[in-house]
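Asks:
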Amino acid sequence: MSDIDDGLHTPVDATRGIGTPPVDALRAAGTSGPPVGGPAFDSDHPPRADLVSDCVHCGFCLTTCPTYVLWGEEMDSPRGRIHLIGQGLSGEPLSDSMVTHFDRCLGCMACVTACPSGVRYDRLIEDTRAQVERRHPRTARERALRTAIFALFPYPKRLRLLRGPLRAYQMSGLQRLVARSGLLQRLAPALATLESLAPRLRGVPRPPARVRARGTRRAVVGMLTGCVQSAFFPDVNSATVRVLAAEGCEVLIPPGQGCCGALSVHNGRRAEAQRFARRLIDTFESCGMDFFVVNAAGCGSSLKEYDELLADDPVYAERAAAFTAKVRDLSELLAELGPVARRHPLPLTVAYHDACHLGHAQGVRAQPRALLRGIPGLELRAIADPEICCGSAGVWNVLNPAPAAELGDRKAKAVLATGADLLVTANPGCLMQVAAAVRRRGGSIALAHTAHVLDASIRNLGAAALVDRD
Ligand code: SF4
Ligand code: SF4
Numbered sequence: 001m002s003d004i005d006d007g008l009h010t011p012v013d014a015t016r017g018i019g020t021p022p023v024d025a026l027r028a029a030g031t032s033g034p035p036v037g038g039p040a041f042d043s044d045h046p047p048r049a050d051l052v053s054d055c056v057h058c059g060f061c062l063t064t065c066p067t068y069v070l071w072g073e074e075m076d077s078p079r080g081r082i083h084l085i086g087q088g089l090s091g092e093p094l095s096d097s098m099v100t101h102f103d104r105c106l107g108c109m110a111c112v113t114a115c116p117s118g119v120r121y122d123r124l125i126e127d128t129r130a131q132v133e134r135r136h137p138r139t140a141r142e143r144a145l146r147t148a149i150f151a152l153f154p155y156p157k158r159l160r161l162l163r164g165p166l167r168a169y170q171m172s173g174l175q176r177l178v179a180r181s182g183l184l185q186r187l188a189p190a191l192a193t194l195e196s197l198a199p200r201l202r203g204v205p206r207p208p209a210r211v212r213a214r215g216t217r218r219a220v221v222g223m224l225t226g227c228v229q230s231a232f233f234p235d236v237n238s239a240t241v242r243v244l245a246a247e248g249c250e251v252l253i254p255p256g257q258g259c260c261g262a263l264s265v266h267n268g269r270r271a272e273a274q275r276f277a278r279r280l281i282d283t284f285e286s287c288g289m290d291f292f293v294v295n296a297a298g299c300g301s302s303l304k305e306y307d308e309l310l311a312d313d314p315v316y317a318e319r320a321a322a323f324t325a326k327v328r329d330l331s332e333l334l335a336e337l338g339p340v341a342r343r344h345p346l347p348l349t350v351a352y353h354d355a356c357h358l359g360h361a362q363g364v365r366a367q368p369r370a371l372l373r374g375i376p377g378l379e380l381r382a383i384a385d386p387e388i389c390c391g392s393a394g395v396w397n398v399l400n401p402a403p404a405a406e407l408g409d410r411k412a413k414a415v416l417a418t419g420a421d422l423l424v425t426a427n428p429g430c431l432m433q434v435a436a437a438v439r440r441r442g443g444s445i446a447l448a449h450t451a452h453v454l455d456a457s458i459r460n461l462g463a464a465a466l467v468d469r470d
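Note that the sequence shown covers residues 1 to 470 in the UniProt record's numbering.
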């Protein structure tokens, strides 16, 4: 069990999910804790009542919800959170306990996939979070942590400045010493989580602003380099560019493109996300691209919603819709174009992990698997409970270190049980989260992005280039 305890939790009963929600718990949770005063939501994009009423309380979503799996608590399930949103819409104030249950949602969207009634929980929680961020006073500690996170993560240049000191810290042996002492974990759990997640940094030159297609040009694609991706996984971007070029794409990578706003919008910072979105549209819309390609699942899911994010903006609404129509995950685009570059054998067993924002939020599951199966000698292995989040979820693991570690450990156990040589996924957050959890368990498995595997096959680098990377 996690160390979170607000008195609302009951022991886990995995069979309790389906059926009628426990009414007393629903009533109690909505009103406990000191209310802020006034109704929970104001008139600036409140969660929609019609979406709340789509929920028929069947409970089919419960067992796919990571927080319900951890705690077995109705209020930490999708159904419970939808009920709380309904209470807010009916005039209840935004209580501390309500906010706690909203904050504990990972935004993994497993419930959206599982829901037979098509409830748009994604819209509900996004609108709710924006209201919470504007209207709910946070403690000084919460404010300080969030301020630090949002002053750093959406800024690739600031993240890149960390590379030098971080590399020195990793290579000096200080990291091992700090991990062994357990001091950081005791004094600053959020910082300890960040420290444990940091990947081994590699020096990779940044791709040029334009890379020509190899052979006949089949498409012109703009490419997002991302924040965490460009600072900590530049090798994923390099592999992506090489694969795209080999498949006949001219790749445009304007420098200074900035953040896509995913982290901000997923955490209720809508105005900030809109600023990032406008800037990205300004940067790319006149470059003549056919597609806009993304290799990070969290970024892709928010880029595909720019039309909704900027729907009220008279200057950007149409431009955002045109931009959204061009957005593709790397695997989607490659599947759409069909392969032209020769695949060389990679005799490997691979466990493919669906990043939530690729599988649940974008419905992209078949394409990466088809691309991997197209490599001679490569065998795919299934991971148990694939719908359950690894606990990364943007910055959720930094804000909620203990339950995130618990989810990471469960995922690492399932991954290691496959006995695969290599874990492949398409999100930097998942790569860091699962790698840290595998290390904690004393296990070992090589990790790679889908782009690494395709790149290694196309360039005939052999399996060792992937399994010996770490
Ligand atoms: S988004 Fe994920 S964590 Fe949130 S309610 Fe749905 S399944 Fe649970
Ligand atoms: S969100 Fe969907 S699956 Fe979950 S209780 Fe409501 S109707 Fe059922």
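Note that the Cβ used here is the ideal one computed from N, Cα and C, for glycine as well.
State the DSSP-derived secondary structure class of HIS266, mapped to helix, strand or coil.
Replies: Residue mapping note: residue 266 aligns to position 266 of the sequence shown, counting from 1. The answer is helix: DSSP assigns HIS266 an H, G or I state.
Asks: Out of ASP290, CYS389, LEU461, which one is the CA nearest neighbour of GLY248?
Replies: Mapped onto the sequence shown, residue 248 falls at position 248. It is ASP290.
Asks: Taking the alpha helix (DSSP H) that VAL52 falls in, what are its first and last residues?
Replies: Along the sequence shown, read from residue 1 onward, the residue named residue 52 stands at position 52. First-last of the alpha helix (DSSP H) with VAL52: 49 to 53.
Asks: In three-state DSSP terms, what is ARG381?
Replies: Within the sequence shown, numbered from 1, the residue matching residue 381 stands at position 381. Three-state result, ARG381: strand.
Asks: So does THR147 have its beta carbon nearer than 8 angstroms to some heavy atom of ligand 4?
Replies: Of the ligands this structure carries, namely ligand 1 and ligand 2, none is ligand 4.
Asks: Can you say whether THR418 is buried or exposed, counting buried as having 16 or more other CB atoms within 10 angstroms of its CB?
Replies: Numbered from its first residue, the sequence shown carries residue 418 at position 418. THR418 comes out buried.
Asks: Does the count of Cβ pairs from the region 49 to 58 and the region 132 to 152 closer than 8 angstroms reach three?
Replies: No, because fewer than three Cβ pairs between the region 49 to 58 and the region 132 to 152 fall closer than 8 angstroms, the two stretches do not touch.
Asks: Between the Cα of GLU387 and those of GLY72, VAL364, ALA402, spot the shortest distance and give me the residue it belongs to.
Replies: Along the sequence shown, read from residue 1 onward, the residue named residue 387 stands at position 387. Comparing Cα-Cα distances from GLU387 to each of GLY72, VAL364, ALA402, the minimum goes to VAL364.
Asks: Grab the span of the beta strand (DSSP E) containing ASP329 for me, first residue to last.
Replies: Here residue 329 corresponds to residue number 329 of the sequence shown, with the count starting at 1. First-last of the beta strand (DSSP E) with ASP329: 327 to 329.
Asks: How big is the Cα-Cα spacing for ASP42 and VAL221?
Replies: Numbered from 1 along the sequence shown, position 42 holds the residue referred to as residue 42. Numbered from 1 along the sequence shown, position 221 holds the residue referred to as residue 221. Approximately 41 angstroms, taken between the alpha carbons.
Asks: Cβ-heavy atom distance between residue 473 and ligand 1 below 8 angstroms?
Replies: An answer regarding residue 473 cannot be provided, because it is not within the stretch 1 to 470 covered by the chain.
Asks: DSSP three-state call for MET289: helix, strand or coil?
Replies: The residue you call residue 289 lines up with position 289 of the sequence shown. If DSSP states are grouped into helix, strand and coil, MET289 belongs with coil.
Asks: Taking only the alpha-carbon atoms, compute the straight-line gap between THR450 and HIS357 and give it to the nearest angstrom.
Replies: Against the sequence shown, residue 450 aligns to sequence position 450. Against the sequence shown, residue 357 aligns to sequence position 357. If I take the Cα positions, the gap works out to 15 angstroms.
Asks: Quick one: is ASP44 buried, meaning 16 or more other Cβ sit within 10 Å of its Cβ, or exposed?
Replies: The residue labelled residue 44 in the question sits at position 44 within the sequence shown. Its Cβ having fewer than 16 others within 10 Å, ASP44 is exposed.
Asks: Is DSSP giving ARG218 helix, strand or coil here?
Replies: Position 218 of the sequence shown holds residue 218. ARG218 falls in the coil class under three-state DSSP.
Asks: Given this structure, state the Cα-to-Cα distance separating ARG459 from ALA209, to the nearest angstrom.
Replies: Along the sequence shown, read from residue 1 onward, the residue named residue 459 stands at position 459. Along the sequence shown, read from residue 1 onward, the residue named residue 209 stands at position 209. Going from the Cα of ARG459 to the Cα of ALA209 covers about 22 angstroms.
Asks: On the CB-based measure, 16 or more other CB atoms within 10 Å of its CB, does ALA384 come out buried or exposed?
Replies: The residue labelled residue 384 in the question sits at position 384 within the sequence shown. So ALA384 ends up on the exposed side.
Asks: Assess contact between the region 322 to 334 and the region 304 to 311, defined as three or more Cβ pairs (one per stretch) separated by less than 8 angstroms. Is contact present?
Replies: The region 322 to 334, when compared against the region 304 to 311, does touch it at the 8 angstroms Cβ threshold.
Asks: Applying the 10 Å Cβ sphere with the 16-neighbour rule, what's the burial state of SER230?
Replies: Sequence index remark: in the sequence shown, residue 230 carries index 230 (1-based). Burial call: buried.
Asks: For THR67, report the span of its alpha helix (DSSP H) as first-last.
Replies: Along the sequence shown, read from residue 1 onward, the residue named residue 67 stands at position 67. Note, THR67: alpha helix (DSSP H), 66 to 71.
Asks: What does the alpha-carbon distance come out to for the pair CYS259 and SER392?
Replies: Locating residue 259 in the sequence shown gives position 259, where the first residue counts as 1. Locating residue 392 in the sequence shown gives position 392, where the first residue counts as 1. Taking the straight line from one Cα to the other gives about 19 angstroms.
Asks: With 16 other CB atoms within 10 Å as the buried threshold, where does SER90 fall?
Replies: On the sequence shown, position 90 is the one that residue 90 refers to. Exposed, because fewer than 16 other Cβ atoms sit within 10 Å of the Cβ of SER90.
Asks: Can you tell me whether DSSP reads TYR316 as helix, strand or coil?
Replies: Taking the sequence shown and counting its residues from 1, the one referred to as residue 316 is at position 316. Reduced to three states, the DSSP call for TYR316 is coil.
Asks: Decide if residue 508 is buried, meaning its Cβ has at least 16 other Cβ atoms within 10 Å, or exposed.
Replies: Given a span of 1 to 470 for the chain in the structure shown, any question on residue 508 remains unanswerable.
Asks: Roughly how many angstroms lie between the CA atoms of GLY80 and ARG373, to the nearest whole one?
Replies: Reading the sequence shown from its first residue, position 80 is the one you call residue 80. Reading the sequence shown from its first residue, position 373 is the one you call residue 373. Each residue's Cα considered, the two are about 40 angstroms apart.
Asks: Taking 8 angstroms as the cut-off, is the CB of VAL59 close to at least one heavy atom of ligand 2?
Replies: Counted from its first residue, the sequence shown places residue 59 at position 59. The question names Val, but residue 59 in the sequence shown is Gly. Checking every heavy atom of ligand 2 against the Cβ of GLY59, one is found closer than 8 angstroms.
Asks: Is it right to say ALA366 is buried, meaning 16 or more other beta carbons lie within 10 angstroms of its own, or is it exposed?
Replies: By one-based count along the sequence shown, residue 366 stands at place 366. Label assigned to ALA366: exposed.
Asks: Pick from ARG206, VAL438, ASN427: whose alpha carbon is nearest that of residue 478?
Replies: Given that the chain is displayed from residue 1 to residue 470, the structure contains no residue 478 and the question cannot be resolved.
Asks: By the DSSP assignment, the beta strand (DSSP E) with GLU250 in it spans what residues?
Replies: Here the question's residue 250 lines up with position 250 in the sequence shown. Unbroken beta strand (DSSP E) run through GLU250: 249 to 252.
Asks: What do you get for LEU407, buried or exposed, if any count of 16 or more other CB atoms within 10 angstroms of its CB means buried?
Replies: In the sequence shown, residue 407 corresponds to position 407, counting from 1. Classification for LEU407: buried.
Asks: By the DSSP assignment, the alpha helix (DSSP H) with ALA404 in it spans what residues?
Replies: As a working mapping, residue 404 is identified with position 404 in the sequence shown. First-last of the alpha helix (DSSP H) with ALA404: 401 to 417.
Asks: For the candidate residues PRO401, ARG381, ASN397, VAL395, whose alpha-carbon lies nearest to that of THR414?
Replies: In the sequence shown, counting from the first residue as 1, residue 414 sits at position 414. The residue you asked about is not Thr; residue 414 is Ala in the sequence shown. Closest by alpha carbon: ARG381.
Asks: Any heavy atom of ligand 2 closer than 8 angstroms to the Cβ of ILE55?
Replies: For the purposes of this step, residue 55 is taken as residue 55 along the sequence shown, with counting starting at 1. The sequence given here has Cys at residue 55, not Ile. Yes, Cβ of CYS55 sits closer than 8 angstroms to a heavy atom of ligand 2.
Asks: Between the region 236 to 250 and the region 283 to 298, do at least 3 Cβ pairs fall closer than 8 angstroms?
Replies: Enough Cβ pairs lie closer than 8 angstroms, so yes.
Asks: In three-state DSSP terms, what is ARG210?
Replies: Numbered from 1 along the sequence shown, position 210 holds the residue referred to as residue 210. If DSSP states are grouped into helix, strand and coil, ARG210 belongs with the strands.
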